[in-house]
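Enquirer: Residues -16 to 123 in my numbering are what the sequence shown spells out, letter by letter. We put the beta carbon where it would ideally sit given N, CA and C, even for glycine. The structure displayed is predicted, hence computed values, not measured ones. Below: one structure in structure tokens.
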Amino acid sequence: MSSVIATPITLESVKSQFAEWRATRIKGQRIPKALWESVKHLSKHYEHRCLALELKLSLHQLKAKLGVLPQPAPSFASSPVFIEFPLSPLSSPGPLCEEQKMLPAYGGTLELARPDGAVLKATGLNPRDVYALIQKFVTK
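Here it is in structure tokens:
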């Protein structure tokens, strides 16, 4: 019966393994799985920043391999509602046209951009105010 003596994983031993791998690797070769496993073991005992510095790894790369990168913020569940306004009724501020009646009662958010680069953002307006605002913004 043979016994296998496992070498303890220490920062110095892993640092030495990385140095040896870097000295003998073929350009473009990825870090071997066994080295990453050692890094994973060490990450339980050392700060990620310290490990990255000692092992000459990028902190981002290390965190990506360990699966501890922050997740992106969730995007909005629904897309914004876009309403197309025909330009012809803008000159007649009479009763509400069909497009104005389609605007949400709560006001929503309006964002307009002109060819000259001017941008208008408005929230909480009633349909009649939105209509007047569009008319003034477009005719300037």
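1) How is the beta strand (DSSP E) around Glu94 delimited, first residue to last?
2) What does DSSP give as the partner residue(s) for Val102 in the beta ladder?
3) In whole angstroms, give me the CA-to-CA distance for Gln12 and Leu49.
4) So, is Ile117 buried or exposed, given that buried needs 16 or more other C-beta atoms within 10 angstroms?
5) With distances taken Cα to Cα, identify the nearest neighbour of Leu40 among Thr(-7), His28, Leu18 and Val102.
6) What distance in whole Å lies between the Cβ atoms of Ser21 and Ile(-8), which are believed to be in contact at a cut-off of 8 Å?
Expert: To lay it out plainly:
1) Thr92 to Ala96
2) Ala96
3) 19 Å
4) buried
5) Leu18
6) 5 Å
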